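Peer 1:
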Amino acid sequence: MTATRFELPPQYDPHAVERPLYERWLAAQAFTAHVASPKPPYVIVIPPPNVTAVLHMGQGLNNVTQDVLIRFERMRGREALWLPGTDHAGIATQNVVERIIAKEGKTRFDLGRERFVERVWAFVRETGSTILEQLKIIGASCDWSRTRFTLDPAYSRAVREVFVRLWEEELIYRGHRVIHWCPRCLTSLSDEEAEAEETDGKLYYIRYPVEDGPKPYLTVATTRPETMLGDTAVAVNPNDERYAGFVGKLARLPIVDLPIPILADQAVVPEFGTGAVKVTPAHDATDFDIGLRHKLEMPIVMTEDARMEHPTRVPPSLSGLDRFDARAKIVDLLKQRGLLEKIEPHRHSVRHCYRCGTVVEPRLSDQWFVKMKPLAEPALEAYRSGEIQLVPERWGATYQNWMENIRDWNISRQLWWGHRIPVFTCTGCEHRWADREDPTTCPKCGGPVEQDPDVLDTWFSSWLWPFATLGWPDETRDLKRFYPGHTLVTAPEILFFWVARMIMAGYYFRGARPFSTVYLHGTVRDTQHRKMSKSLGNGIDPLDVVRLYGADALRWTAIAGVSLGSDLILDPNDLATTFAPGRNFANKLWNIGRFILGQLPEQVPALESLDVERLPLADRWILSRAQRAIQEATASLEQFRLDEAAKRCFDFVWKELADWYVEAVKPRLEAASRAAPAGGPPGSAAVAASDASAAHSVLAYCFDTALRLLHPVVPFITEELWQKLPGREEGELLAVAAWPEAREALIAADAETRFTMVQDAISAIRNIRAEYRVSPKAQVGVVVTGRTTEARRAFEGERETIIRLAQIKALRLDGRRASDAGAHAVLADGSEVFVALAGAIDVQQECRRLSSDLTRLDQQLAALAGKLTNQQFVARAPAEVVAKEREKERAWRDQRQVLADKLKSLGCS
RNA sequence: GGGCGGUUAGCUCAGUUGGUUAGAGCGCCACGUUGACAUCGUGGAGGUCACUAGUUCGAGUCUAGUACCGCCCACCA
């Protein structure tokens, strides 16, 4: 925006200022953290978005929250580092590129591993910076000079180092067990990556014929009939007397037509289903354990993409069928043979792949696991001792529960995109080891070596983010200066995936917490409280919001619209309403700025040069309110109550500065501009000028303070306006300016009380005018009678304010009035307001008004009297509470008296 | 099955250790363009704080239970 401060347009135009300002911040390196600076550090590492991601509202909320915190701490004088970057996101990214080449009619197997990975790299190089650029658009003050990617060579070295260390410490092992397998992504998943979802399914009761048993068959219940092709036993609980006679006999597995043992195992719950369960060791984790205990065979009867296949167990008619088609067909076959007893509806949880939603298939395979118990202990202790705090605190129980019941982590993925597992096997002597370098020959026998084909779980690299981004394992200057970090801001969804594991890695590899506070914000939802998602089509594109209403409006809604830990509810069908508060506020701020900047001379005297004690009441009031705003906003930010901080600043700017102070000070400013050229009575010009000059100081100070306080939430508009304040030096930036400090000397409780009386008087007059429908143009006469000396002084001091804000012609403060034709009001302290309305007044209406006030007061007084005559209350309540109630009663009685007198004098019945 | 959260104005939500007449934004009604702002101003209407019982001098706030909504965890197949 090139306009000078005297010719700003009446509407704030975010597009004209945002990009140039961001460029300016970058050019000034305002967001760059310095290793050599003497300031105490404050570090946030970004939750790295997927490298292929485009910004969505959840990330908008996440990043704006981080930006508020980092900007606040930067202004407070800390060496603030917000470290940005992206995650290679193994499965997700591989899926994206697989979809792209699918359009060319190819699969990754057509390309081969090397060419496919090259293809992914090309894609990442092309699109990988998209989301980072989008973060700039919403104003994120990241230190872009430190941007990291989890597949950077340096970062990959850290991943490899961690793997090898864990290997050396024997915390990594090869496990042969049933894991979660995604038949679409063709990879194994960790327990966390297989999301349970309640589903309405069916429970099939199937009869397995029994040879020489007490009965000719045994009925088992299953939700997955197709797995029966892999059954190698039937199990019952050892204490289940119903089946005692069956244990040790053989059942005939239908369709496959094989004999399988009936055995007893503790894992079987007698109450569920029939109490007899089919055992499929290769396709069910519990059955696998049973299989181990009873040394059963464990045939795998499905292909990796979940089609039925087995040389002897799958009959030709089922071979090659998808598992769900096979299920239907098997159910038919059982029906035909009279072996299907019944089908019951059954609600149970089914696990799905967290990346593609496919139903996960439990599958027996060999994978690499990390032993987690040794890692979890310090992480658990960190929470218990308070070294790491969760905000809101209630997530602590969830964290603790997970840590206490932690299970080993399957870290191998059958993918191509990611960190290849650095395990090597000699094809000669079968020696197997993990290596920091790529070996060409076996160190034992010199034979040829093969590397493990799998890659590591993406989270196995991101759990190192707080230190691998700073150069670990090297003891870099960055690492020494910026580790440990401070605040981690994220959604609870990745508490286990990422946060818990970062804490474990931090203690294990660095011996120190990665951060001291975990701030967990809510989820972005639509008005039906559904999570915003691409598939539901209920999302809001943050960039659309920026285009329509500006980045600050987006930020305002994301911060002021959501309290600590709660979800952010937005209406995707009504962006205008959703983001209007932020846009309106920005515009208000802009116009307050327009007015104030237009008033200020080039040289504004510093506040320090004023004798605060002698300032007009309104000035002392607003200066005091500014201190409160500073104190309260700062305290709220320190407690992560960002919405409270934002709203407190909003109220200061709009409800206090604009609605009252600016209006109160206008007469003085006008008087000065009138007096200056012509001159009135001797000396009046000088007085007016000095009054105005003081007002300039107060205005400049309050506005400057407001801009500083609001900058973390709405950085663009505040910077733009701040730049236009007089006295700005070349190159000065609000982004790195000092956070305001409250000054005790400016706090004036008495001024606040007295100005409140003035506000009450004005409101009372306005109320009467509205109620009697007095035209705004009608300049009525008003008499205000202060009850106390204090009140009278206040009204006298702000006489001009009352006249102006209540739109009145004549104001008397001596209690004398021309007639009784008018409307009355009684203020909280018993002061009286009389508005002369000769002609317009309707005595009946006035009576009704006053009596209804009286009735209300009487009701309140009655309730209060009940309280005060209650001996229990007087005896048990704290003395100050009782005193407060007594004081209240006195004030209400005064008000009542005044009202009653009025009614009497008006002759109301 | 276990654990956690929510239920306050038409809508979205505040209400921090129990203590003024329960608040805000948006929406609604009335009036109004006075040179900062109609993306505005002034005034107003609107709430038995989900329900029940309890603790207490006093409960939106604490306790127990009920109902509905949501989230997390869990090897009952």
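Residue 277 is where the first sequence starts when you use the numbering used here, and the numbers rise one by one after that. Glycine is no exception: its CB is placed at the ideal position from the N, C-alpha and C atoms. Treat the numbers as computed from the prediction; the structure is a model and nothing was measured.
Once DSSP output is grouped into helix, strand and coil, what is the label at K864?
Peer 2: Stepping through the first sequence from its first residue, residue 864 is reached at position 588. In this structure, K864 counts as helix in the three-state DSSP scheme.
Peer 1: Taking the alpha carbon of A303 as the point to measure from, which residue in L1182, A1011, K611 and I1078 has its own alpha carbon closest?
Peer 2: Taking the first residue of the first sequence as 1, we reach residue 303 at position 27. Looking at the Cα atoms, A1011 is the closest of the given residues.
Peer 1: Determine the direct distance from the alpha carbon of A834 to that of A509, and round the result to whole angstroms.
Peer 2: Counting from one through the first sequence, the residue named residue 509 turns up at place 233. Counting from one through the first sequence, the residue named residue 834 turns up at place 558. Near 56 Å, if we compare the C-alpha coordinates of A834 and A509.
Peer 1: In chain order, what residues of the same chain have a beta carbon less than 6 Å from the beta carbon of A954, not counting five sequence neighbours either side?
Peer 2: The residue given as residue 954 occupies position 678 in the first sequence. Interpretation of A954 is limited by its pLDDT of 49, a score under 50 that renders its predicted location unreliable; the figure taken from the coordinates is listed afterwards. Same-chain partners within the cutoff: there are none.
Peer 1: Let me check understanding here. Comparing Cα to Cα, which of D802, C718 and V636 lies closest to E473?
Peer 2: One-based indexing of the first sequence puts residue 473 at position 197. Residue V636 is the option with its Cα nearest to E473.
Peer 1: Leaving out the 5 sequence neighbours to the left and right, which residues in its chain are closer than 6 Å to G1091 when beta-carbon positions are compared?
Peer 2: Sequence index remark: in the first sequence, residue 1091 carries index 815 (1-based). Closer than 6 Å at Cβ, skipping near neighbours: T1061.
Peer 1: Mind checking whether L873 and L997 have CB atoms under 9 Å apart?
Peer 2: Residue 873 sits at position 597 when you count from the first residue of the first sequence. Residue 997 sits at position 721 when you count from the first residue of the first sequence. Going by C-beta atoms, L873 is nearer than 9 Å to L997.
Peer 1: Please identify the residue among Q335, E283 and E349 whose C-alpha is closest to the C-alpha of A315.
Peer 2: Indexing the first sequence from 1 puts residue 315 at position 39. Looking at the sequence itself, residue 315 is Lys, so the reference to Ala does not match. Selected option, being the one with the closest Cα: E349.
Peer 1: Check whether the region 940 to 948 and the region 906 to 916 touch, using three or more Cβ-Cβ pairs below 8 Å as the test.
Peer 2: They do not touch, by the three-pair rule.
Peer 1: Apart from the five residues on each side of it in sequence, which residues of its chain come closer than 6 Å, Cβ to Cβ, to M351?
Peer 2: Walking along the first sequence from the start, residue 351 turns up at place 75. So the qualifying residues of the chain are W1015.
Peer 1: Using DSSP with H/G/I as helix, E/B as strand and the rest coil, what is I835?
Peer 2: Counted from its first residue, the first sequence places residue 835 at position 559. In the structure shown, I835 sits in a helix (DSSP, three-state: H, G or I).
Peer 1: Do you know offhand how far E394's Cα is from L651's?
Peer 2: Here residue 394 corresponds to residue number 118 of the first sequence, with the count starting at 1. Here residue 651 corresponds to residue number 375 of the first sequence, with the count starting at 1. The alpha-carbon atoms of E394 and L651 are separated by roughly 35 Å.
Peer 1: Considering only their Cβ atoms, is the gap separating L986 from C925 smaller than 9 Å?
Peer 2: Translated into the one-based positions of the first sequence, residue 925 becomes position 649. Translated into the one-based positions of the first sequence, residue 986 becomes position 710. Yes. Within cutoff.
Peer 1: Under 8 Å Cβ to Cβ from S625, same chain only, skipping five residues before and after it: list those, please.
Peer 2: Position 349 of the first sequence, counted from the start, is the residue given in the question as residue 625. Only A472, E473, E474 and T475 meet the Cβ criterion.
Peer 1: Between which two residues does the beta strand (DSSP E) holding R483 run?
Peer 2: One-based indexing of the first sequence puts residue 483 at position 207. Per DSSP, R483 belongs to the beta strand (DSSP E) from A470 to E487.
Peer 1: Ordered along the chain, which non-local residues of its own chain (more than five positions away) have a Cβ less than 8 Å from that of Q410?
Peer 2: Position 134 of the first sequence, counting from 1, holds the residue named residue 410. Excluding positions up to five away in sequence, the list reads V330, L331, P818 and L819.
Peer 1: Given a threshold of 16 other Cβ atoms within 10 Å of its Cβ, counted over all protein chains shown, does T716 qualify as buried or as exposed?
Peer 2: Sequence index remark: in the first sequence, residue 716 carries index 440 (1-based). Per the 10 Å Cβ criterion, exposed.
Peer 1: For T556 versus D563, is the C-beta spacing smaller than 9 Å?
Peer 2: Here the question's residue 556 lines up with position 280 in the first sequence. Here the question's residue 563 lines up with position 287 in the first sequence. Contact: yes.
Peer 1: Pick helix, strand or coil for G782, following the three-state DSSP scheme.
Peer 2: Looking up residue 782 in the first sequence gives position 506. The answer is helix: DSSP assigns G782 an H, G or I state.
Peer 1: Are there three or more Cβ pairs, one per stretch, closer than 8 Å when the region 692 to 704 is compared with the region 716 to 734?
Peer 2: Yes: at least three Cβ pairs fall under 8 Å.
Peer 1: May I ask which residues mark the beginning and end of the beta strand (DSSP E) holding A552?
Peer 2: As a first step, residue 552 must be located in the first sequence, where it is residue number 276. A552 -> beta strand (DSSP E) spans A552 to V555.
Peer 1: Our contact map puts L526 next to P514 with C-beta atoms below 8 Å; I'd like the distance itself, whole angstroms only.
Peer 2: Along the first sequence, one-based indexing puts residue 526 at 250. Along the first sequence, one-based indexing puts residue 514 at 238. Not really, about 18 Å apart at Cβ, beyond 8 Å.
Peer 1: List the endpoints of the continuous alpha helix (DSSP H) containing R1132.
Peer 2: As a working mapping, residue 1132 is identified with position 856 in the first sequence. Element bounds for R1132: V1119 to T1145.
Peer 1: Please name the residue or residues paired with D363 in a DSSP beta bridge.
Peer 2: Start at 1 with the first residue of the first sequence, and residue 363 comes out as number 87. BP columns for D363 point to N326.
Peer 1: Between D289, V838, A655 and R627, which has its C-alpha nearest G477's C-alpha?
Peer 2: Taking the first residue of the first sequence as 1, we reach residue 477 at position 201. Comparing Cα positions, the closest option is R627.
Peer 1: Between A710, E437, V553 and F855, which has its C-alpha nearest Y481's C-alpha?
Peer 2: Numbered from 1 along the first sequence, position 205 holds the residue referred to as residue 481. Comparing Cα positions, the closest option is V553.
Peer 1: Less than 7 Å between C-beta atoms, sequence neighbours within five positions excluded: which residues of the same chain meet that for W685?
Peer 2: Taking the first sequence and counting its residues from 1, one reaches residue 685 at position 409. Cβ neighbours of W685 beyond the five flanking positions: S466, F645, V646 and M648.
Peer 1: Let me know if P286 comes out buried or exposed under the rule of 16 or more other beta-carbons within 10 Å of its beta-carbon.
Peer 2: For the purposes of this step, residue 286 is taken as residue 10 along the first sequence, with counting starting at 1. Its Cβ having fewer than 16 others within 10 Å, P286 is exposed.
Peer 1: Tell me whether V545 is buried or exposed, calling it buried when 16 or more other Cβ atoms sit within 10 Å of its Cβ.
Peer 2: Walking along the first sequence from the start, residue 545 turns up at place 269. Under this definition V545 is an exposed residue.
Peer 1: For G1098, which residues does DSSP report across the bridge?
Peer 2: Looking up residue 1098 in the first sequence gives position 822. Bridge partners of G1098: A1112.
Peer 1: DSSP has N686 in a bridge; who is on the other side?
Peer 2: Residue mapping note: residue 686 aligns to position 410 of the first sequence, counting from 1. DSSP output for N686 lists F645 as bridge partner(s).
Peer 1: Output the residue ranges of the alpha helix (DSSP H) runs that lie fully inside the region 357 to 411 and measure 4 residues or longer, sorted by chain position.
Peer 2: Complete alpha helix (DSSP H) runs here, min 4: 366 to 379, 384 to 387 and 389 to 403.
Peer 1: Extract the residue ranges of the alpha helix (DSSP H) inside the region 709 to 741, only unbroken runs of 4 or more that lie entirely within it.
Peer 2: Segments of the alpha helix (DSSP H) lying fully in the region 709 to 741: 735 to 738.
Peer 1: So, for T550: in the same chain, excluding its five sequence neighbours on each side, which residues have a beta-carbon less than 6 Å away from its beta-carbon?
Peer 2: Mapped onto the first sequence, residue 550 falls at position 274. Cβ within range, chain order: T495 and A497.
Peer 1: Just how far apart, CA to CA, sit C978 and L899?
Peer 2: Position 702 of the first sequence, counted from the first residue, corresponds to residue 978. Position 623 of the first sequence, counted from the first residue, corresponds to residue 899. Spanning the two alpha carbons is a distance of roughly 7 Å.
Peer 1: In three-state terms, what does DSSP make of H570?
Peer 2: The residue labelled residue 570 in the question sits at position 294 within the first sequence. Note: H570 maps to coil in three-state DSSP.
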